[in-house]
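First to last, the sequence lines map onto chains A and B.
Going by the working numbering, the first sequence opens with residue -15, and the numbers climb by one from there.
Going by the working numbering, the second sequence opens with residue -8, and the numbers climb by one from there.
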Amino acid sequence: MNFIEPLSGELDHLRPDPLIFEEELDFLPCAATALEQAVGGRSGRFYWRSEHDHLYCLELGDLGRGRPSTATVFGHWDRYEPRPPEHEIDCDLMAFNLWFAEIAGLDPEAVAKVADRTGLPPSWPEGSVLRTPDERFANLLGFDYEPQYAVVENLRMAYVEAGEGAPVLMLHGEPTWGYLYRRMIPALSKVGRVIVPDLIGFGRSDKPAAANAYSYRAHVRWVRKFIEQLDLERITLVCQDWGGLIGLRVLAENSCRFARLAATHTGLGDATGKPNEAFRNWRAFSQRTRFMDVPKMMARTLVKRRDAIAEAELAAYGAPFPGPEYQIAALLFPRMVPTRPDHPGAFYASKAIEGLRKIDIPVFLPWGDSDPITGRGRAALKDIFPHAAAADLPGGGHFIQEDCGEELANLIVAWIKDSLC
Amino acid sequence: MLKTRPDWLEPLFPWRQRSIVVNGRRMSYIDEGPRGGRPVLLLSGNPTWGFLYRDFIEPLTAAGYRAVALDWIGAGYSDHPPHDAALTFAHHVADLVSLLDQLDLRGFVIVGQDWGGPQGILAALQRVERFSAAVLMSTWLFTGTLSKFHSSPKPWTTWHAPLIGPYMMKRHKALSHHGPTAITVRGMTGGEARAYHHVYDEPESDAVVMTWPRTIPVTEGDRGWQDMKSLESRLDELAEIPVALFWAPEDPVFTMETLERMKEALSHAEKPVLFDRARHFMQDDRGPDIAAATVEFLDRRLGAST
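So this is what it looks like as C-alpha cells:
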C-alpha cells in the first residue's frame, strides 16, 4: 500500500465517508503494532489512492496506549455527488483487507476465500451494464473497420485501428463515437497506427446503466487503463470536446506515454471563465430532455458539411443509442463539465494544467471559426502551451472532424512530419 | 431503523413507505400522486421525518402534484447509522442528489423546513436545471448567528454540548422524544407525539439528532461552515427560481430576524406569508393552511404538469 499526501486543497472538494470502524484494536496487539510500522505512526490520517483512483484514508487513534487502538477507513467522494458503484468500493476495501492481512501476519488467502464465499469483490451486478446490439452497427457508411475490444474494469471498450507505427490516439467527445474520425483515418494511418476508441457509454463500448457509474474521474481512469492495456507509447493524442477534457488529464498524469498533442475544439474544465450562453443552453437542454435525437442534432450543428452529409452518415451517429437507457453517458456529459471553481472536477483540471505547463512536447491547435460552444477555447490552451502551432479552418464548426475532416487530417499529418525533422 | 411500521401509525400516516439505497444506506420515502405530476419534495429537519408533512399529501396529490416525503438518513424510517461522521451536511446533500437521480425527478420543487432548507437547496443546486421552485419555512441558508435561541446557553447550546449532549440528547432523548411535543402550539394527540418519537425508540438510533445541532455553522471553523458558505455563494443561481417564504412570527428558533436575512439572500422571493398560531414545526401547527398556501403558490407560478 502506497501512502501519499492528498493534493493541496483536495480534501475540501471531497466528502469523507466512514466505511469500516474498529473501536478496539487491542484485542490483537500484534496487528496494531504491524499497522503502526506499516503506516509509520500510531495515530493520524494515512491516505492512499485505489485501483479506481478513489482517495481513501485510514484514521488511527492511539488512546494513550502506545499503539494504534482505534481505526476507521474513510472513502472520499465528490463532496455533494452520489458515491461510486458499490463494487468499486468493495474492490478497493478488499485490496486494503488483503494488504492488512499480509502485514499483520494473518492469512490473506483465508480473507480471499471468505470474500469469495460472500460474493466479494463483485463486479458490475447483472443487468447493470448495457451493450448496444451489433446489428445497429451493420453497414456503416464509410466506416468498415473491424471493431476490436479491450476490457477495462470488466467493461468492453471498443476501438478501431488502421496503419502501423507510433500510435495516433483519437478521442471523440459528446455525443459522438469513433465514427466521427472516419474521414481522418485514411490520411493519418499513413503516418502511424491510428487507434480510435469509443468512450465508455458511447459507440460500441459498454454502457453502465446507473448515473453514479459515470464521473469525470471515471472517464479519465477508463481511458488511462485502455492506454495501459494496449501498452501504447509515443502516442500522438488527437482530441476534441470531451476527448480533450479527458485526454488532457490522462496526458498530464501519464506524460511519459505521449509524444505529441493535437487538440481541437476542446479545453480543460478548470472553471476559470464563465460558461458561455450556448453552453448553458446546451447543458439545460441535456438535463431536461429524456432522449437526444443525435442525428438531428448533428445535422443542426454541422457548418460546412450541413448539406453535404448523407442521411446514412447522420444515422450512424444515432446507432449507439437504440433507446434512452443507452444514452445515459451522453446525457450526463454536459452536467459533468466543471463550471464552478468549487466543482471537484475543476480542482483536478487545474492540477492537470499545472502538470501540462511543465510538459515539453509538440502541440498543435487547429481550430474552426464557426463553433459557438468551444470556439474560443483555443486561447486557454495557447496559454498552457505558449509554443503551440496553430491553424485555422474556415467553415469549421464544433464537429470539426466532420466539417473539415480531410483538411484537418492533412494538417495534422504535415505537422507530425514537421515535428519529425 | 424500524423495518415495519406499527399498526397504530396507519390511520395517522396511511401512505406506503418505500425505500431506495442512497450512498450505501437505505432511504425511506413516500411517493404519492400522479407519476407525471410535478414532483414536490417535502423535506423535514431535526428531529422529525415525513410524518411532519402528513397534511400536505392529499392537497398536493389532489391538485395533480407528485408528493415525495423522504426521511433523511439517520431519521424516520431510513437507516440510522450510529456514526456521526456518516451524517454530515455533505452526506445529506449527496443522499438527496442520489434520490433525485434514481427517481429521475424533473422540474422538482423543494419544500424545506429546518435542515430541509439548506440540505434541500444545496442538493437542488447540484441539479439546478431540473429545479423549478422552492417553498421555505422556519429555516436558513447562511452562516452566522441565527437567533438568540441558537446562541443562548439554555437550553439549546447546553443540550448538545460535549458530554452533556450524549446524556441529555441520547440517554434522555431530550430532543428525539421531547422535541416536537415541547413546542407545539396546536397541541398534539398521544398518537401524533408517538409518531414523531417512536422512530428513535431503539438504543443508539438517534446519532443524527445530535449531529445536526452540532453542524450549525455559527463561526468560522464550525462543522458545516464550508458547506453553508458554498451554499451562500451559489444562491445567485436561483435568480430564475420562484421562491415562497412561509414564516411563523412566534417561532423562537428561526425568528423574524432570520426571515429578514432570508429576504436579503433571496431578494426575488415572493412577499412572505406569515402564519400565527405556529412555531418551529409550522407544518404540524398549521398543516392544512400551509399546504393550501403551497398549492396556491405552485399553481400560480408553475402548474402541476412538467
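Yeah, the Cβ is synthetic: ideal placement off N, Cα and C, and Gly gets one too.
The structure presented is a predicted model; accordingly, all values stated were derived computationally and were not measured.
Close-in-space but distant-in-sequence residues of the same chain around A/I345 (CB under 7 angstroms, 5 per side omitted)
On the first sequence, position 361 is the one that residue 345 of chain A refers to. Contacts found: F242, A243, R244, L245.
Own chain residues within Cβ distance below 6 angstroms of A/R115, not counting five before or after
On the first sequence, residue 115 of chain A is found 131 positions in, with the first residue counted as 1. The answer, listed in chain order, is D190.
Look at B/F80 and B/G182 and say whether their C-beta atoms are less than 8 angstroms apart.
The residue labelled residue 80 of chain B in the question sits at position 89 within the second sequence. The residue labelled residue 182 of chain B in the question sits at position 191 within the second sequence. Result no, Cβ atoms of B/F80 and B/G182 do not sit closer than 8 angstroms.
Where B/T305 and B/L236 are concerned, what is the direct C-alpha to C-alpha distance, given to the nearest angstrom?
Lying outside -8 to 297, the shown extent of chain B, residue 305 of chain B is not represented and no answer is given.
Members of the stretch 2 to 20 of chain A near chain B, C-beta cut-off 9 angstroms
Those residues of the stretch 2 to 20 of chain A that come within reach of chain B (Cβ to Cβ, closer than 9 angstroms) are P2, L3, F5.
Kindly say whether B/A81, judged by its beta-carbon, lies nearer than 8 angstroms to any beta-carbon of chain C.
Given the protein chain composition of this structure (A and B), no chain C is represented.
From the DSSP secondary-structure annotation, give me the bridge partner or partners of B/Y20.
On the second sequence, residue 20 of chain B is found 29 positions in, with the first residue counted as 1. B/R9, B/L61, per the DSSP bridge assignment.
Is it true that the stretch 43 to 54 of chain B meets the stretch 111 to 122 of chain B, where meeting means three or more beta-carbon pairs spaced less than 8 angstroms apart?
No, the stretch 43 to 54 of chain B does not touch the stretch 111 to 122 of chain B.
Between which two residues does the alpha helix (DSSP H) harbouring B/D218 extend?
Taking the first residue of the second sequence as position 1, residue 218 of chain B is located at position 227. Where B/D218 is concerned, the enclosing alpha helix (DSSP H) stretches over 216 to 225.
In terms of alpha-carbon separation, which member of A/F263, A/P328, A/N260, A/G228 lies closest to A/T248?
For the purposes of this step, residue 248 of chain A is taken as residue 264 along the first sequence, with counting starting at 1. Comparing Cα positions, the closest option is A/G228.
So with Cβ pairs under 8 angstroms, would you call A/D46 a contact of chain B?
Here the question's residue 46 of chain A lines up with position 62 in the first sequence. Interface annotation, A/D46: not in contact with chain B, CB-CB separation never under 8 angstroms.
Quick one: list the residues of chain A neighbouring B/S123, beta-carbon separation under 8 angstroms, in chain order.
Here residue 123 of chain B refers to the residue found at position 132 when the second sequence is read from its first residue. Within 8 angstroms Cβ-Cβ: nothing; B/S123 doesn't reach chain A, min ~10 angstroms.
So within the stretch 203 to 249 of chain A, which uninterrupted beta strand (DSSP E) runs reach at least 3 residues, ignoring any that extend past its ends?
For the stretch 203 to 249 of chain A, whole beta strand (DSSP E) runs of length 3 or above, ordered along the chain, are 219 to 224, 242 to 248.
For A/L77, the nearest candidate out of A/F127, A/A94, A/L42, A/G48 (CA to CA):
Residue 77 of chain A sits at position 93 when you count from the first residue of the first sequence. For A/L77, the nearest C-alpha among the options comes from A/L42.
Going by the CB atoms, is the gap between A/A333 and A/D254 shorter than 8 angstroms?
Within the first sequence, the letter at position 270 stands for residue 254 of chain A. Within the first sequence, the letter at position 349 stands for residue 333 of chain A. Yes; because the gap between Cβ atoms is below 8 angstroms, this pair is in contact.
How about B/E223 and B/L132: are their beta carbons less than 8 angstroms apart?
Sequence index remark: in the second sequence, residue 223 of chain B carries index 232 (1-based). Sequence index remark: in the second sequence, residue 132 of chain B carries index 141 (1-based). With respect to the 8 angstroms criterion, B/E223 and B/L132 are classified as neighbours on the basis of their beta carbons.
Do you know whose CA, among A/E35, A/H71, A/S34, A/F11, lies nearest A/R49's CA?
Counting from 1 along the first sequence, the entry for residue 49 of chain A is found at position 65. For A/R49, the nearest C-alpha among the options comes from A/F11.
For B/A284, collect the residues of the same chain with a Cβ closer than 7 angstroms to its Cβ; drop the 5 residues on either side in sequence, then sort them by chain order.
Taking the first residue of the second sequence as 1, we reach residue 284 of chain B at position 293. Excluding residues within five positions, the ones whose Cβ falls inside 7 angstroms are F237, V264.
For B/R292, which option in B/E261, B/A269, B/P279 has the closest C-alpha, if you only look at C-alpha atoms?
For the purposes of this step, residue 292 of chain B is taken as the residue at position 301 of the second sequence. Considering only alpha carbons, the answer is B/E261.
Which same chain residues end up closer than 7 angstroms to A/T17 when comparing Cβ atoms and leaving out the 5 residues on each side of it in sequence?
Stepping through the first sequence from its first residue, residue 17 of chain A is reached at position 33. Same-chain partners within the cutoff: R51.
Report, in whole angstroms, the separation of the C-beta atoms of A/L365 and A/G251, which I expect to be a contact under 8 angstroms.
For the purposes of this step, residue 365 of chain A is identified with residue 381 of the first sequence, where counting begins at 1. For the purposes of this step, residue 251 of chain A is identified with residue 267 of the first sequence, where counting begins at 1. Cβ-Cβ separation between A/L365 and A/G251: approximately 6 angstroms, consistent with a contact (criterion under 8 angstroms).
Between A/A314 and chain B, is the shortest Cβ-Cβ distance under 8 angstroms, so that the two count as touching?
Here residue 314 of chain A refers to the residue found at position 330 when the first sequence is read from its first residue. Between A/A314 and chain B, the shortest Cβ-Cβ separation is not below 8 angstroms.
Given this structure, state the Cα-to-Cα distance separating A/P109 from A/I73, to the nearest angstrom.
Within the first sequence, the letter at position 125 stands for residue 109 of chain A. Within the first sequence, the letter at position 89 stands for residue 73 of chain A. Their Cα atoms are separated by approximately 13 angstroms.
Could one say the Cβ of A/P66 lies closer than 8 angstroms to chain B's Cβ atoms, at least one of them?
Stepping through the first sequence from its first residue, residue 66 of chain A is reached at position 82. At least one CB of chain B lies nearer than 8 angstroms to the CB of A/P66.
Cβ-based burial, B/Y158 [other Cβ within 10 Å; buried from 16]
Taking the first residue of the second sequence as position 1, residue 158 of chain B is located at position 167. Answer is exposed; the Cβ neighbour count stays below 16.
Going by the DSSP bridge assignment, what does B/S143 pair with across the sheet?
As a position in the second sequence, residue 143 of chain B is number 152, starting the count at 1. Residue pairing from DSSP leaves B/S143 without any beta-bridge partner.
Please list, in chain order, all residues of the same chain as B/G107 whose beta carbon is under 7 angstroms from its beta carbon, the five residues on each side excluded.
As a working mapping, residue 107 of chain B is identified with position 116 in the second sequence. Excluding five sequence positions before and after B/G107, the CB atoms of its chain that fall closer than 7 angstroms to its own CB belong to L34, S35, G36, T130, given in chain order.
According to the neighbour-count rule (16 or more other Cβ atoms, all chains shown, within 10 Å of its Cβ), is A/F405 buried or exposed?
On the first sequence, position 421 is the one that residue 405 of chain A refers to. For clarity, residue 405 of chain A is Cys in the given sequence; the question names Phe instead. A/C405 should be labelled exposed.
Excluding the 5 residues flanking A/R140 on each side, which residues of the same chain have their C-beta closer than 6 angstroms to its C-beta?
If you number the first sequence from 1, residue 140 of chain A lands on position 156. Result list for A/R140: Y133, D190, in chain order.
Integer-rounded CB distance, given that A/G25 should sit under 8 angstroms from A/L44
Sequence index remark: in the first sequence, residue 44 of chain A carries index 60 (1-based). Sequence index remark: in the first sequence, residue 25 of chain A carries index 41 (1-based). Contact flag correct, Cβ pair sits at about 7 angstroms.
Please name the residue in A/R63, A/A99, A/D46 whose C-alpha comes closest to that of A/H71.
Along the first sequence, one-based indexing puts residue 71 of chain A at 87. The shortest CA-to-CA distance from A/H71 to any of A/R63, A/A99, A/D46 is the one to A/A99.
Should A/R67 and B/G15 be called a contact, given that it needs their Cβ atoms to be closer than 8 angstroms?
Locating residue 67 of chain A in the first sequence gives position 83, where the first residue counts as 1. Locating residue 15 of chain B in the second sequence gives position 24, where the first residue counts as 1. Yes, these two residues count as a Cβ contact at 8 angstroms.
Looking at the C-beta of B/L265, does it have a partner C-beta in chain A at a distance below 8 angstroms?
In the second sequence, the residue the question calls residue 265 of chain B occupies position 274. Taking 8 angstroms as the CB threshold, B/L265 stays off the interface with chain A.
Do the stretch 217 to 235 of chain A and the stretch 90 to 104 of chain A touch if we need at least three Cβ pairs shorter than 8 angstroms?
Verdict: no, contact absent.
Ignoring anything shorter than 3 residues or poking outside the stretch 328 to 389 of chain A, list the beta strand (DSSP E) runs there in chain order.
Whole beta strand (DSSP E) segments, 3+ residues: 347 to 352, 373 to 377.
Answer yes or no: do B/L43 and B/V102 have a C-beta to C-beta separation smaller than 8 angstroms?
For the purposes of this step, residue 43 of chain B is taken as residue 52 along the second sequence, with counting starting at 1. For the purposes of this step, residue 102 of chain B is taken as residue 111 along the second sequence, with counting starting at 1. Not closer than 8 angstroms, so no.
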